[in-house]
Amino acid sequence: MFVNPRFRTLSLALATALLITACGTQPQPQPSAPTPQPPTTQPTAPSAEQSMPSATTEPQPASGSEVEFVTWYQYDQDNTDPKSDERVGNEYLRKTIPLFNEAFKGKWKWINQPQPFDQMAIRLTAAVQAGGEVPDLMQSGDGSLIPFIKNGVVQDLTDWIKAQPWFADLDPSAVAACTGPDGRIYCVPVAITPQIVFVWRDHFPNGYPKTPEEFKQQAEALKAKGIAAITFFGSTAFDGEGTPRFTNTLIKSFGGTFDDGQGNMKLDTPENRSAIEFLREIVAAGYVHPRTWDGTTTPFIEEEPMKTAEAASFPTGIFGYRYVNPLKAPSGKEYNKGNEEDMLDAITAGDVFIAPMFAPSGKKPGCGLGVTGFVIPVGAKNPEAAKDYINWIMTPEQNPDWVLGPGGGFPALRSILPLIEERVPVAKAFYEQAAKAVAASECRPWYGSLERRDEAKKIIQNTIYRLVKEDPTADISEALKAAEEEYNRNN
Amino acid sequence: MSTRSLKTQAITSHVRERILRRGFFSHTLAFWLLLPSLLVIGLIQFYPGIYSILLSMQDRRAGRVEWVGLSNFERILGSGAFRESVGHTVVFLAGYVAVTMLLALLLALLLNRNLRAGGFYLTLLFIPWVLADIIVGLIFGLLVVPEYGLLSPILSNPALFPPKGINIPSDPAPRPWIAGFPFPPAPAMVYLILASSWRALPFITLLMLAALKTVPSEIIESARIDGASSFQTLRLITLPLILPTLVVALFNLLLGGVNGIGLVFTLTRGGPGTATEVLSYLLYVVGFQRLEFGRAAAIAVIMAVFNLLLIVLTLRISRGGERAA
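Residue numbers (this note's numbering), protein chains in the order written: chain X, 143 to 633; chain Z, -14 to 310.
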């Protein structure tokens, strides 16, 4: 074969170029924020320099240099869309980041990298396991704690947290939620988020029903007026996110549970069957708003009927007050600031009230309990920055804002509640009513002894959805047993 | 030895060397040119493939690797969620391939008729192809939002869809005709099939149109003179002649259908319930939601075998078709 020498040379050059391109390394991404300049001032906020119990051996920031402190929140400080679902948290970060940077000028520069709420735990686990870039601190609840511990994702904070002056002020249930099976503490609780029921007073003028029978009676009257008695997270969206919400509240209110206390799924119980039969009944009777099931293509669409009072009640997490706005009361009165204050205003005005879930007589209303707070990942470059940040958030000046904004619940620090009520007077009625509802309920984490929580919540919600929505005539016991088997075979 | 003969010898040896070198290059040039591509393919295809097979026999957690043999496969094959997702995948593939092939063929036949403004139609037709799966998923999702979706008033009209209209996000599947096999599918699955077909239609139509352009008009004319009807001409002449292209289109749809996740992820996320939970989505959930990499790799290996079976089946059918033609 004749090959033109020029063609040959060109071909070889091209091949070499391709080879180099193919095997060449990716350019390193540029940091998202400008490199900090050497500082000229010392930090103004206190820094709790405690002994570090973690395995992290990363170098500490050089004295006198401003170092980037990276966090992962589900909120985005750059998203200024007033219709964003996360507008409350976004606004909080927008307001707080400059405050922190000012307080720690010359020491830390807070860089927040927003993450989708349903991806945060997975992304962190993948980043830690792959040895990739991890944040110094991540906003996290207790729901991901066991997988984090099993996968070696988060640092053991026990010694450090116990040495902090605010530790004694923490609610013991919040500390328990952050404690792993080995008795060590892996997260810092800042807010406690129980499940409660938001209720339109005009639709339930005599208070929220105490029993399922009362509920059915009043729901029938509401139906005659074209109002659905209830809306809730009934879809299978977010791989079973309905389980920790309404599904758990209902099951627990009927005295049911999801586990046998030994890490096995246990669903086929008389209490669980009663709860599902009740749910089937109220769905068939038309007491449940149809948007309840539509979250698959439009996440959180079940909140809409509550906003417009087309649904009379909405069982959800206490954090729901941040999302369910603006509001239009049955009387036509509007609460339209478009932020968390709408619900607080409606509660203060008496249009909305907070209640515990109804429960069969002799049973205590059920209530899921979670915490939100922080974890420090293994491999964090600046764990000391994370600790300075946590200490800053735990101060009486900062804590109320965090609890009302990103936290969306009761403060884990018991001394903070009066401060919030003092600072935000419209929050007083809200917290009072929520506290009463929680006190009247039996609140505990939904997962019990189940360790593979992501898998469990998907299996449970799919099963409930199938029994109630897809095949309301299917044998409940058989379906529950099949779900148990699906989970337990991997134990 | 004279200077001349030395010079001649030097030239001869230089020429020989050049010839040898040219021979070496002329024989290996193709290899050198292909090498970069081979390396890249090896790096992004074979290495991950082999690694996935190894991973499918491991349990990986927190930096610890445990060899578990075939137990990941055992668990996956015995799981109800897996069996269910195989059923959904089969239903999705059947619908997706049938709808896309049929519509693409019809459109290609129409466009092959030298329509006025045919180029314009072709450009219009091409629009879905340039959209990303995520965009298509979001658009189709917005169309059926019960509150304000453009299609919602039509779909929820009981007169058009008795007895109570259709609500794509939550309407369950009718009772299955065969126990354990999800057919008839849920409205969400039908909608997913239509969205996926809409996305794939331009490429498949263009493939078929290109093939139709290669069919000699003389043969068609001869058939018509011999009294063949349009349908007979299509079935007995056109289709056999474009069979190789149909097979390529079929491959493309089958493999894309089994492995694609973009639309499922953005449009239905496997729901409502598990109505659209196909194998690729299950793999995503197990691998990237639960971070069970070993089991996810086992699903990937099973999917690879499934892909292989589909390819073999398609080739057999097409060979049968060629023989019959």
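We put the beta carbon where it would ideally sit given N, CA and C, even for glycine. Since we're looking at a predicted model, the values are computed, not measured.
In whole angstroms, what separates the C-alpha of X:Y463 from that of X:V296?
30 Å
Please report whether the beta-carbon of X:A598 lies at a distance below 8 Å from any beta-carbon of chain Z.
no
Which first and last residues belong to the beta strand (DSSP E) in which X:N254 is found?
W250 to N254
Z:L107 to Z:L96, Cα distance in whole Å?
Rounded to whole angstroms, Z:L107 to Z:L96 spans 8 Å at the Cα level.
Count the C-beta pairs between the segment 476 to 488 of chain X and the segment 399 to 419 of chain X that are closer than 8 Å, then say yes if the count reaches three, no if not.
no
Report the option in X:V425, X:L609, X:K304 and X:T438 whose CA atom is closest to the CA atom of Z:L123.
X:T438
9 Å Cβ cut-off: residues of chain Z touching X:G267:
According to the sequence displayed, residue 267 of chain X carries Thr and not Gly. For X:T267, the chain Z residues whose C-beta falls within less than 9 Å of its own C-beta are L276, listed in chain order.
Comparing the C-beta of X:E200 with each C-beta of chain Z, is any distance below 8 Å?
Because X:E200 carries a pLDDT of 43, less than 50, the predicted location of this residue cannot be relied on, and no value is offered for it.
Please classify X:G521 as buried or exposed, where buried requires at least 16 other C-beta atoms within 10 Å of its C-beta.
buried
Among X:P258, X:I602, X:A361 and X:L592, which one has its Cα closest to the Cα of X:R403?
Before going on, a small fix: residue 403 of chain X reads as Gly here, not Arg. The shortest C-alpha separation from X:G403 is found at X:L592.
Between which two residues does the alpha helix (DSSP H) carrying X:P542 extend?
N541 to W544
Which residues of chain C have a Cβ atom closer than 7 Å to the Cβ of Z:T259, listed in chain order?
The structure shown contains no chain C; its protein chains are X and Z.
Sequence-distant residues of the same chain with beta carbon closer than 8 Å to X:L364, five excluded per side
H345, A370, A371, Y429 and A454
For a test of your reading of the model: does the CB of X:P323 fall under 7 Å from any non-hydrogen atom of the ligand ATP? Yes or no.
With respect to small molecules bound, the structure shown includes none, and the ligand ATP cannot be examined in it.
Whose CA, out of X:I562, X:F572 and X:P519, lies closest to the CA of X:A491?
X:F572
Terminal residues of the beta strand (DSSP E) in which X:F456 lies
S455 to G459
Would you say Z:R254 faces chain X, with C-beta separation under 8 Å as the test?
yes
Excluding sequence positions up to five away, which residues of its chain have a Cβ less than 8 Å from the Cβ of Z:W162?
Sequence-distant partners of Z:W162 (beyond 5 residues in either direction) whose C-beta falls short of 8 Å from its own C-beta, in its chain, are F168 and P169.
Taking the alpha-carbon of Z:F58 as reference, which of Z:I296, Z:N292, Z:A281 and Z:L19 has the nearest alpha-carbon?
Z:A281
For chain Z, find out if any of its Cβ atoms is closer than 8 Å to the Cβ of X:A204; answer yes or no.
Summary for X:A204: the model assigns pLDDT 45, below 50, so the residue's position carries little reliability; its value from the coordinates is reported in the next sentence. No, X:A204 does not count as interfacial toward chain Z.
Which residues does DSSP pair with X:R586 in a beta bridge?
X:G510
Which of the residues in the segment 118 to 137 of chain Z, read from start to end, lie with their CB under 8 Å from any CB of chain X?
For chain X, the residues of the segment 118 to 137 of chain Z that bring a beta carbon within less than 8 Å of one of its beta carbons are G126, V129, V130, P131 and E132, in chain order.
Ignore the nearest five residues each way along the sequence and tell me which others in X:K292's own chain have a CB closer than 8 Å to its CB.
Only E593 meet the Cβ criterion.
Residues bridged to Z:W162 [DSSP beta-bridge criterion]:
DSSP output for Z:W162 lists no bridge partner at all.
DSSP state of X:K470, grouped into three classes?
strand
Under 8 Å between the Cβ atoms of X:G285 and X:R595?
Against a cut-off of 8 Å, the Cβ pair of X:R595 and X:G285 comes out as a contact.
For a contact meaning CB atoms closer than 7 Å, what does Z:A66 contact in chain X?
E628
Quick one: Cα of Z:M288 to Cα of Z:G241, how far?
12 Å
Proximity below 8 Å, CB of Z:V53 to CB of Z:M42
yes
Do the CB positions of X:S583 and X:T353 come within less than 8 Å of each other?
no
Is the Cβ of X:A616 closer than 8 Å to any Cβ of chain Z?
no
Quick one: residues in its chain with C-beta nearer than 7 Å to the C-beta of X:A424, no 5 flanking neighbours on either side, listed in chain order?
The sequence shown places Ile at residue 424 of chain X, not Ala. So the qualifying residues of the chain are K358, A361 and V430.
So which of X:I303, X:P432 and X:I602 has the shortest CA-CA distance to X:Y328?
X:I303
Using a Cβ cut-off of 7 Å, pull out every chain Z residue sitting near X:R433, in sequence order please.
P131
Is it a yes or a no for the segment 225 to 235 of chain X touching the segment 543 to 553 of chain X, going by three-plus beta-carbon pairs under 8 Å?
yes
Would you list the residues sitting across from X:D401 in a DSSP beta bridge?
X:M407
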